[in-house]
Amino acid sequence: MSTSPVQTDPRAARAPRVDYRELIRDTQVHGTLYTSPEVYADELERIWYSTWVFVGHASEVPEPNDYVRKKLGPQDVIMTRDSAGEVHLLLNRCAHRGNLVCDDKAGNSTSFRCPYHGWTYRNNGDLLGYPYPNGYGGKNKLQLGLGRVPRVAEYRGFVFGSFAEEGPSLEEHLGAAKGEIDRLARLSPTGKVELTAGWLQHRTHANWKLLAENETDGYHPQFVHGSIFSVTGSPIGALYSEKSTAVTRAFGGGHSENDLRPEFRRFAEPMRWFGTTADRTPEYVAAMKQAYGEEEANRIMIEGAPHVMIFPNLFIAEIQVFNIQPVGPGECVQYSTAVQLEGAPELNQRMVSQSIGSVGPAGMLLADDTEMYERNQRGAELLEPQWLEVSRGVLRETTEENGAVVAGATDENAMRAFWRHYKNLMLEGR
Ligand code: FES
Ligand SMILES: [Fe+2]
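Using the working numbering, read the sequence shown as starting at 3 and increasing by one per residue.
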């Protein structure tokens with residue numbers, strides 16, 4: 003972890019502010035974990051400014067000198083691609099007097115000029131120049147630059163940053179969950195995902211962990227999303243029932259998925275996962291068969307896209323990608339975008355329309371979830387009963403060869419695993 007001489011630096015190592023051994027039990031968690039400013043301060047230090055955090059996708063800065071504004075946890079960063087093609091995460095703060103250097107959401111520029119006194123920076127963060135240099139003893143005398151997120155890494159174009167100078171590599175952090183990103187990419191005939199459809203932002207009055215836990219909670223869809231399932235005649239509700247053969251899998255590292263493949267394999271119909279049939283997407287099906295061969299293409303198109311939560315903030319929900327950004331103990335922003343698959347125009351347009359219908363401003367899916375998050379936050383602020391239950395399915399957990407813990411489609415094993423990892427981070431920093 004980065005260290006700082008400043009006592010109030012949220013990255014400075016210190017003892018946890020509260021006793022996480024007391025607050026996190028195997029099958030119960032304390033309500034104050036969602037409401038306490040001390041817990042949030044510990045999370046900044048031990049999670050958001052320490053572990054790998056999802057920031058954006060390389061396809062958002064495809065050309066040299068492209069840039070886009072992003073968040074890494076609560077930090078305002080500029081994701082740039084320099085003229086040599088390397089991706090950087092630069093803190094949007096001038097080295098002179100701390101002004102914001104970049105206002106535009108995205109653009110193409112080799113440099114950024116601070117509006118306050120005109121200091122200018124290269125898109126790799128180096129200080130390029132400043133007005134009236136004699137006041138500093140001449141040109142190029144100042145050894146300053148924009149703050150840089152010390153570690154930046156990509157997996158299949160998904161860009162992550164870590165404020166810790168050292169620690170596990172991104173691939174170590176992702177562990178078995180990276181296979182789910184592979185699975186998403188394989189749905190493209192060229193094996194490439196693009197996140198270029200633009201991001202919606204929903205400010206949400208709830209603690210970020212309520213969202214992270216909910217992403218692979220297979221217990222709620224039948225109730226919370228009953229209306230969209232009935233209106234659209236969607237078969238998705240049945241995937242999350244007691245009778246479903248789908249499973250909830252905790253990969254370790256706080257990552258988890260709802261693995262719906264057992265249900266899709268039962269039907270063995272290509273494109274069912276997308277709510278359509280192969281004959282309605284003929285160009286895509288032909289491109290997939292060309293790319294992977296008949297048998298493998300069919301398998302990919304039957305099994306469909308992953309539904310995976312990657313700790314702490316990346317949620318791949320089949321056709322959408324979410325980025326959860328904490329703002330404070332009781333507030334966060336949900337960013338969402340439609341997945342776009344290179345070489346699949348027939349699917350891409352539909353993914354955008356379906357995303358607008360489900361997670362757009364008048365969407366029918368996310369609004370219901372968000373209502374639950376905000377009600378949950380208000381409930382968690384009440385004093386009694388103090389604990390939240392995460393015991394569902396604890397008696398039917400099994401452990402797979404690679405250590406993943408599996409239980410039923412509606413079980414809470416993913417939440418238990420989330421909290422085990424969280425507790426380790428808070429107590430041991432890993
Ligand atoms: S604060 Fe940026 S140039 Fe002065
Ligand atoms: Fe939901």
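By construction, the Cβ of each residue, glycine as well, lies at the ideal position given by its N, Cα and C atoms.
Keep in mind that this is a model prediction, so the values were computed, not measured.
Check, Outcome
"Quick check on this structure: which residue in Met417, Leu368, Asn67 and Gly410 has the alpha carbon closest to the alpha carbon of Thr400?", "Gly410"
"If distances are taken between C-alpha atoms only, which option among Phe313, His309 and Pro314 comes closest to Ile321?", "His309"
"Should Val226 be counted as a contact of ligand 2 given a C-beta to heavy atom distance under 7 angstroms?", "yes"
"Under 8 angstroms, with one C-beta from each stretch per pair, do the segment 280–293 and the segment 130–144 reach the 3-pair mark?", "no"
"Considering Cα atoms alone, identify which of Ala248, Ala307 and Thr29 is closest to Arg185.", "Ala307"
"Answer yes or no: the CB of Tyr118 versus the heavy atoms of ligand 1, is any distance below 7 angstroms?", "yes"
"So the alpha helix (DSSP H) Leu129 belongs to, where does it begin and stop?", "Counting along the chain, Leu129 falls outside any alpha helix (DSSP H), though it belongs to the beta strand (DSSP E) covering Leu129 to Gly131."
"Once you ignore the five residues that flank Ser4 on each side, which residues in its own chain have a CB closer than 8 angstroms to its CB?", "Any reading at Ser4 must be qualified, since the residue scores a pLDDT of 47, below 50, and its modelled position is unreliable; no value is offered."
"Indicate the three-state DSSP secondary structure (helix, strand or coil) for Glu68 in the structure shown.", "Per the sequence shown, residue 68 should be read as Asp rather than Glu. If DSSP states are grouped into helix, strand and coil, Asp68 belongs with the strands."
"Evaluate the contact criterion for the segment 269–286 versus the segment 342–358: three or more CB pairs, one atom per stretch, below 8 angstroms.", "yes"
"So, does the segment 331–349 touch the segment 175–184, judging by three or more C-beta pairs under 8 angstroms?", "no"
"For the segment 196–214 against the segment 371–390, do three or more pairs of beta-carbon atoms, one drawn from each stretch, fall closer than 8 angstroms, so that the two count as touching?", "yes"
"Between which residues of its own chain and Leu202 is the CB-CB distance below 6 angstroms, once the five residues before and five after are set aside?", "Ser338"
"Count the other CB atoms, across all protein chains shown, that sit within 10 Å of the CB of Thr10; report buried if there are 16 or more and exposed otherwise.", "exposed"
"Looking at His222 and ligand 2, is the gap between the Cβ and the nearest heavy atom below 7 angstroms?", "yes"
"Can you tell me whether Ala86 is buried or exposed, with buried defined as 16 or more other CB within 10 angstroms of its CB?", "exposed"
"Enumerate in chain order the residues of its own chain whose CB-to-CB distance from Ser111 is below 8 angstroms, with the five nearest sequence positions on each side excluded.", "Asn67, Tyr69 and Asn125"
"Cutting at 8 angstroms between CB atoms, please list the residues of its own chain near Lys425, excluding the five before and the five after it.", "Tyr22, Arg23 and Ile26"
"Starting from Trp389, trace the beta strand (DSSP E) both ways and give me its first and last residue.", "Trp389 to Glu391"
"Mapping DSSP to helix, strand and coil, what is Ile80?", "strand"
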